[in-house]
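Below is one structure, written out as structure tokens; the observations come after it.
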């Protein structure tokens, strides 16, 4: 693995494989909180549960777990089986003055599920609320519990010939509730890019009652209640279920890839496609380094992965026009094929494998970080250049970029950083990279996150990004439904 | 006019044309508020200004103005020229304890701009902040002031070969700020149905500072600051400008119309088209009565107006597939043509003429109301039936329906009610119709409004529709940025 990584990256890795600190050797601080008898059945303070609910899945999390550093575990992990269970946990937490951190698949890469700096904390694991409850085949919608992970909900929808088609990179572990709370990005590179776009209604339990919107295909009745919960990251309520839009499985699919002499030329083609109103399902542009690392690219050309899909009609006219735009902008395209063919298939496979590969970085001595943003097209070339340069300067490693999502008015660039670890100093290495990236993004007019959420890691830059009166309004909203401030304190507010 | 209306509707109108009370005969209550000297230049208490800012454009408003009833005019009308002017008006209002009602084109049909029940009120007319300030041709976006009315902003965008393509029925008078504050519905029957979908960032002045989001094509950084302003109906801040997505003018356009034996059969075709992912620009289904009234229909068949448009590519493949779906569902379609042809052209012309025609209703003795909702497909047939029946029972006139917007998971039905007036009792007639319609909509699972906003007229039903903790959160948010509660009190909160 270290050799493979070395050959790909050119890093001179020492080849030593460090062993993780075994779980049995980890000493957790004693729990500072004990559940009341009535909740004993759904609560535990077992070290295994506390350890597995201490961190998310950022590299910063992996390295701490690897080294056996579990300094801020939750005191208790609760596994509610019903909504009344959730309510009882909130009541208890309010009485006890303990924080409640809603926990879905635990795949946050921004410190979203971590009890960092909290004096008493309950991790509220929603995995037992994990079923598809109802399907409306007429409206193409389904009522799904928050704790349902990607494969589970899609399997259950599949029994009805339907699919949510929301596939974040964390798909195998992450949950509907987590996607909603963090405004997750999914499968589609255009149009329904965020889970937000698939929501009919959301139901959440707050310390002051249940917050459930009416199930509607669209509405203009005042400020959207759903949009206030979307992205609230557990600070306003515990999302327990939602009605979401589903669809028939696509039967018409075309995929191709195209190469460009430069990333900028590829970006111009992507802009043209995004502004043409063709709505490809995939339209991801990889720079030459990323294409080489993940898709067998030659290291000199940018690679565009382009796909159209439909459950209703053949998509040739859409693909044909997109390929005209590719050629107009100097791209050389392969003939379109069915799905998972050629380089685009290689990319997809690498995309889904990536989170698992990453788990080996602490052992082989590589520091990794991925971060992402969105910016308007007029500012994109400068953002790409300044962010890459700023990160390269502190990381002294490889910095690659792809356009993960595209809009008519701008792309969502996604950056990957890999650098040899200074063993024992990985966290400060990572912190320096995160700070350099975030500063450069804000300076270049981007958002601190397009789909990874804010969590605790992005807070300093998020606080500068958001308008002050909005921050005051959000605090006011939270105080009204969570007066004791127990819900995921430290995130957003 | 009365004869024409009688022949169309079958109403036995008396033919008497009542004259409106002339403006000179109207006696307004004396203003209870005088602007400070520093604001004298941009404020007026002239009767003409106060009268023209008393009401919106609902029938309920027209009939009161017609009868010379201006019981709750604003005390002062302010015409800010700059954002600092807006800030100064807010400061004065807070000191004086006066309400501030942001006013765009004054086309609210829900009592949104009315000082109903307020003891001191300033109408804040934004018409002098009415320019396109900046165009970004690369990202296809423009920075536009809130007071810009539809024709003005489109003319200015047209100088760059661009258009916003947001055409509500009130287009000629209504403004960008009004659209944003009320989540207005526009041109597109699918996809970008609301102005919400065209927003990059919003700037508003609150009593506690300016609320301006970063200009972004997409973001997942916490709760959306823009989505909290969209639909806030002037309660959180005075929207002064926004960056919006614009586009090249469409050059490829195909329009057709199709007839169906029943509205339900047509609705099934519309559902199929909406769920096929074809994204027509127009997909409006008129019931037989509405088709006869507005589009020369035979009174027996439902009429579908269907159109596709693109600035980039010919739209034949899209139209062809949609027409296949029309035929599959028993529709008989005309061959597609360029825009504004045949019945669809007649409908468009009637659509834009309608608000002007309506101005004559008080004179000829007709009570009119239009209301709209959205509902999921599974509930639509029952909603259509129960709402129509409930309104017909109290209105004892004509009730027609069209599907104005369509989503994969449901339509937005739009109802028109016409009935002979009991002269002098029109307001209670209207109130009865509004109450019957609203009760039936809520009972059938619809939203109290899809794109007309809440205002003061929909408040009782809106309060029942929204989740209680959300209402508390919204009040908390408002208290943080508008602690004196001066911004459009009575609307939403």
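Protein chains in written order, with the numbering used here: chain L, 1 to 493; chain G, 1001 to 1493.
Every residue, glycine too, gets a C-beta built ideally from N, C-alpha and C.
Everything numeric in this text was worked out from a predicted model, so none of it was measured.
Taking the CB atoms as reference points, tell me whether residue i and residue j lie closer together than 8 Å.
i               : j               : result
residue 457(L)  : residue 110(L)  : yes
residue 376(L)  : residue 447(L)  : no
residue 183(L)  : residue 237(L)  : no
residue 1039(G) : residue 1092(G) : yes
residue 409(L)  : residue 1217(G) : yes
residue 364(L)  : residue 94(L)   : no
residue 1222(G) : residue 492(L)  : yes
residue 1142(G) : residue 1132(G) : yes
residue 1368(G) : residue 1059(G) : yes
residue 1414(G) : residue 1370(G) : yes
residue 1488(G) : residue 1107(G) : no
residue 180(L)  : residue 152(L)  : no
residue 406(L)  : residue 190(L)  : yes
residue 129(L)  : residue 80(L)   : yes
Is residue i helix, strand or coil by DSSP?
i               : result
residue 341(L)  : Any reading at residue 341(L) is ruled out, since the residue's pLDDT is 47, under 50, leaving its predicted position unreliable.
residue 494(L)  : Residue 494(L) lies beyond the range of chain L shown here (1 to 493); nothing can be said about it.
residue 1249(G) : coil
residue 138(L)  : coil
residue 1024(G) : helix
residue 12(L)   : coil
residue 1361(G) : helix
residue 235(L)  : coil
residue 185(L)  : strand
residue 1125(G) : strand
residue 1094(G) : helix
residue 1384(G) : helix
residue 1209(G) : strand
residue 1167(G) : coil
residue 489(L)  : coil
residue 1070(G) : coil
Determine the closest residue to residue i out of the options, with distance taken between C-alpha atoms.
i               : options                               : result
residue 1018(G) : 1413(G), 1225(G), 1067(G) and 1123(G) : 1067(G)
residue 72(L)   : 123(L), 191(L), 332(L) and 198(L)     : 123(L)
residue 421(L)  : 438(L), 397(L) and 443(L)             : 397(L)
residue 317(L)  : 1049(G), 1278(G), 1323(G) and 1304(G) : 1278(G)
residue 1443(G) : 1388(G), 1160(G) and 1323(G)          : 1388(G)
residue 1350(G) : 1296(G), 1321(G) and 1102(G)          : 1296(G)
residue 1201(G) : 1159(G), 1354(G), 1083(G) and 1176(G) : 1176(G)
residue 1078(G) : 1288(G), 1270(G) and 1049(G)          : 1049(G)
residue 136(L)  : 1411(G), 1378(G), 1030(G) and 1064(G) : 1378(G)
residue 263(L)  : 271(L), 275(L) and 286(L)             : 286(L)
residue 116(L)  : 53(L), 274(L) and 436(L)              : 53(L)
residue 1433(G) : 1149(G), 1460(G), 1249(G) and 1390(G) : 1390(G)
residue 361(L)  : 55(L), 441(L) and 61(L)               : 61(L)
residue 1431(G) : 1082(G), 1063(G) and 1044(G)          : 1063(G)
residue 1029(G) : 1074(G), 1022(G) and 1009(G)          : 1074(G)
residue 1439(G) : 1418(G), 1461(G), 1454(G) and 1225(G) : 1461(G)
Is any heavy atom in the ligand SAM found nearer than 7 Å to the beta carbon of residue i?
i               : result
residue 1439(G) : As for the ligand SAM, it is missing from this structure, which has no ligand bound.
From the DSSP output, read off the bridge partner residues of residue i.
i               : result
residue 1372(G) : 1414(G)
residue 1469(G) : According to DSSP, which records beta bridges pairwise, residue 1469(G) is partnered with nothing at all.
residue 1260(G) : 1302(G)
residue 1145(G) : 1241(G)
residue 1046(G) : Paired residue(s): none; residue 1046(G) is not in a bridge.
- Query: Using 8 Å as the threshold, is the segment 274-285 of chain L in touch with the segment 301-310 of chain L, meaning 3 or more CB pairs across them?
  - Reply: yes
- Task: Evaluate the contact criterion for the segment 1153-1169 of chain G versus the segment 1235-1247 of chain G: three or more CB pairs, one atom per stretch, below 8 Å.
- Result: yes
- Message: I want to know whether the segment 1389-1408 of chain G touches the segment 1031-1038 of chain G - three or more CB-CB distances under 8 Å.
- Response: no
- Message: Taking contact to mean 3 or more Cβ pairs, one atom from each stretch, closer than 8 Å, check whether the segment 205-216 of chain L and the segment 1460-1471 of chain G are in contact.
- Response: yes
- Item | Against chain C: residues of the segment 47-76 of chain L by CB proximity under 9 Å | Of the chains in the structure shown, none is chain C; the protein chains are L and G.
- Item | Validate contact between the segment 1252-1267 of chain G and the segment 1098-1105 of chain G using beta carbons, cut 8 Å, 3 pairs | no
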